[in-house]
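Colleague:
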Amino acid sequence: MTTEELIEIVRQFRIEGSVTAVEPLGKGLINDTFLVKTLVEDASTDSKPTNKPDYVLQRINHQIFTNVEMLQHNIEVVTNHLRRKLQAEGISDVDRRVLRFIPTNTGKTYYICPPDSEEALANPFSEKSEKNRHDCSYWRMSIYIADTLTLEEITPQSSYDCGLAFGHFQQQLIDLNEPLGETIPDFHNMELRLQQLHQAVANNMAGRVKEVSKELELIEAHADEMCLAERLYRQGLLPKRVCHCDTKVNNMLFDRNGNVLCIIDLDTVMPAYIFSDYGDFLRTAANSQPEDSPELDSIKFRWDIFEAFTQGYLESTASFLTPIEREHLPFAVCLFPMMQAVRFLTDYLNGDTYYKIKYPEHNLVRTRNQLRFFQEVEANREKMAKFIALIS
Ligand code: GN1
Ligand code: MG
60 MTTEELIEIV
70 RQFRIEGSVT
80 AVEPLGKGLI
90 NDTFLVKTLV
100 EDASTDSKPT
110 NKPDYVLQRI
120 NHQIFTNVEM
130 LQHNIEVVTN
140 HLRRKLQAEG
150 ISDVDRRVLR
160 FIPTNTGKTY
170 YICPPDSEEA
180 LANPFSEKSE
190 KNRHDCSYWR
200 MSIYIADTLT
210 LEEITPQSSY
220 DCGLAFGHFQ
230 QQLIDLNEPL
240 GETIPDFHNM
250 ELRLQQLHQA
260 VANNMAGRVK
270 EVSKELELIE
280 AHADEMCLAE
290 RLYRQGLLPK
300 RVCHCDTKVN
310 NMLFDRNGNV
320 LCIIDLDTVM
330 PAYIFSDYGD
340 FLRTAANSQP
350 EDSPELDSIK
360 FRWDIFEAFT
370 QGYLESTASF
380 LTPIEREHLP
390 FAVCLFPMMQ
400 AVRFLTDYLN
410 GDTYYKIKYP
420 EHNLVRTRNQ
430 LRFFQEVEAN
440 REKMAKFIAL
450 IS
């Protein structure tokens, strides 16, 4: 898309100031994200124009988030709830601690951009038509939180702080009365993820099945035990709570002094097992390599990061975590690299239709990385259980 087209989208929102630049932002694998820089002329003084606030513009991937209305509803409900709590605690910089979305000129939380095609011009846009909805693009804007960092280098201290913060996030949403929808139904349901893999093997769309027999073998060897959460849920032993469901390290913003500021990327906030938030953070943070590193022998489980995160998480969730949830935390640390391996491999077999890739083998490299990390974690399972049992 050209900058002019992006600026035209920005014009649909009630922002302050005039746009000076639109630049790509972040490393997400699903949505497209841009930083919108602005200048605000202050007419009341002779002072120079200031350049605040800036904004984040995102195109929501509606092939994946098919119910954008529900998605934005969830986010509104959650951010309003968190904002009320922060205000009640007397926090002054609330807009740096919880995302604030900008309404469109018609007062909606997102903008539907009709397709720019001859066919669309011939058949005027109607929000009601399924076909038209599919061809549209969906956009939202939020205030850009300036002077923040994401972690390039995770330390035990920052890991502990993240444990406290992600646990606190769950704890603050425990009394949310308004029900949230599942923006991607069964998002972290391992039974479903395995079915999707089996389907991908059967379809063999990209003709890649024969390359991945070792990976499939390893997955199948653990498939049954990795579906434990679904069984516990059916037995009524495991609750669903409001979770973030994408607690990757880089979804936490820090201030320049290294203090936790704000949790971002709220697309997947939905009812889930707490394992999602605990397990997915350690999947990224406790892996000594990035999730797409091909250096398999360098992949190690960072025990210091595990200990610190667990300590923080157990502190902030002490008021609600059940013994079953707590006991199964080591299971969650194993589950998430395995589930992510299943998801990357499924996409590889389907011909890379879900995750953004930079080269043809990217999803295979990611799969192998996650499987190696799974093995590293698995070897520490009992040690993790002992550590958790000793925390009061
Ligand atoms: C996707 O786009 P991003 O980086 O926020 C994915 C996560 C995966 C992650 C793997 C909606 O997240 O579930 O863990 O990639 N999000 C969705 O890096 O599928
Ligand atoms: Mg995400």
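The numbering of the sequence shown is the working numbering, which starts it at 60 and goes up by one. In this text, a Cβ means the ideal position worked out from N, Cα and C, and glycines have one as well. For clarity, every value in this text was computed on a predicted model and none was experimentally measured.
1. Assign F184 to one of three DSSP states: helix, strand, or coil.
2. Taking only runs that begin and end inside the segment 331-386, name each unbroken alpha helix (DSSP H) of 4 or more residues, in chain order.
3. My understanding is that L232 touches I383, with C-beta atoms under 8 Å, so please give their C-beta distance in whole angstroms.
4. Taking the alpha-carbon of D363 as reference, which of D411, P353, F446 has the nearest alpha-carbon?
5. What number of angstroms, rounded off, separates the C-alpha of V115 from the C-alpha of Q216?
6. Mind checking who L430 pairs with in its DSSP beta bridge?
7. Would the C-beta of I358 count as close to the ligand GN1, meaning under 7 Å from any of its heavy atoms?
8. For P83, list the residues DSSP reports as bridge partners.
9. Closer than 7 Å to a non-hydrogen atom of the ligand GN1 - does that hold for the CB of E350?
10. Can you find a heavy atom of the ligand GN1 that lies under 7 Å from the Cβ of V407?
11. Look at the alpha carbon of S201 and the alpha carbon of L394, and state the distance between them as a whole number of angstroms.
12. Could you tell me the boundaries of the alpha helix (DSSP H) in which Q216 lies?
13. According to DSSP, is C195 helix, strand or coil?
14. Between the Cα of E75 and those of K86, I66, V99, F93, spot the shortest distance and give me the residue it belongs to.
15. Name the residue from Y332, K273, S272, E354 whose alpha carbon lies nearest to the alpha carbon of G295.
16. Where do the N-terminal and C-terminal ends of the beta strand (DSSP E) with D115 fall, by residue?
17. Determine the contact status of F334 and M443, defining contact as a CB-CB distance below 8 Å.
18. Is the beta carbon of V328 less than 8 Å from the beta carbon of V81?
Modeller: On the basis of the supplied data:
1. Along the sequence shown, read from residue 1 onward, the residue named residue 184 stands at position 125. Bear in mind that the predicted position of F184 carries a pLDDT of just 48, short of 50, making it unreliable; the figure below should be weighed with that in mind. Coil.
2. 334-344, 362-375, 382-386
3. The residue you call residue 232 lines up with position 173 of the sequence shown. The residue you call residue 383 lines up with position 324 of the sequence shown. So it is not a contact: roughly 20 Å between Cβ atoms.
4. Along the sequence shown, one-based indexing puts residue 363 at 304. Answer by Cα proximity: F446.
5. Here the question's residue 115 lines up with position 56 in the sequence shown. Here the question's residue 216 lines up with position 157 in the sequence shown. Going from the Cα of V115 to the Cα of Q216 covers about 29 Å.
6. Residue 430 sits at position 371 when you count from the first residue of the sequence shown. Answer by DSSP bridge pairing: none, since L430 is not bridged.
7. Taking the sequence shown and counting its residues from 1, the one referred to as residue 358 is at position 299. Incorrect: I358 has no Cβ contact closer than 7 Å to the ligand GN1.
8. Taking the first residue of the sequence shown as 1, we reach residue 83 at position 24. Bridge partners of P83: F93.
9. Residue 350 sits at position 291 when you count from the first residue of the sequence shown. Yes, the ligand GN1 has a heavy atom inside 7 Å of this Cβ.
10. As a position in the sequence shown, residue 407 is number 348, starting the count at 1. Residue identity check: residue 407 is Tyr in the sequence provided, not Val. It does not: the Cβ of Y407 is nowhere closer than 7 Å to a heavy atom of the ligand GN1.
11. Your numbering for residue 201 matches position 142 in the sequence shown. Your numbering for residue 394 matches position 335 in the sequence shown. So the alpha carbons of these two residues sit roughly 33 Å apart.
12. In the sequence shown, counting from the first residue as 1, residue 216 sits at position 157. Per DSSP, Q216 belongs to the alpha helix (DSSP H) from 215-231.
13. Translated into the one-based positions of the sequence shown, residue 195 becomes position 136. C195 falls in the coil class under three-state DSSP.
14. Here the question's residue 75 lines up with position 16 in the sequence shown. For the residues K86, I66, V99, F93, the minimum Cα distance to E75 belongs to V99.
15. Counting from 1 along the sequence shown, the entry for residue 295 is found at position 236. Nearest of Y332, K273, S272, E354 to G295, Cα basis: Y332.
16. To locate residue 115, count along the sequence shown from 1; it is residue 56. Checking the sequence shown, residue 115 turns out to be Val, not Asp. Start and end: 114-119.
17. The sequence position of residue 334 within the sequence shown is 275, counting from 1. The sequence position of residue 443 within the sequence shown is 384, counting from 1. No, they are not a contact pair.
18. Within the sequence shown, the letter at position 269 stands for residue 328. Within the sequence shown, the letter at position 22 stands for residue 81. No.
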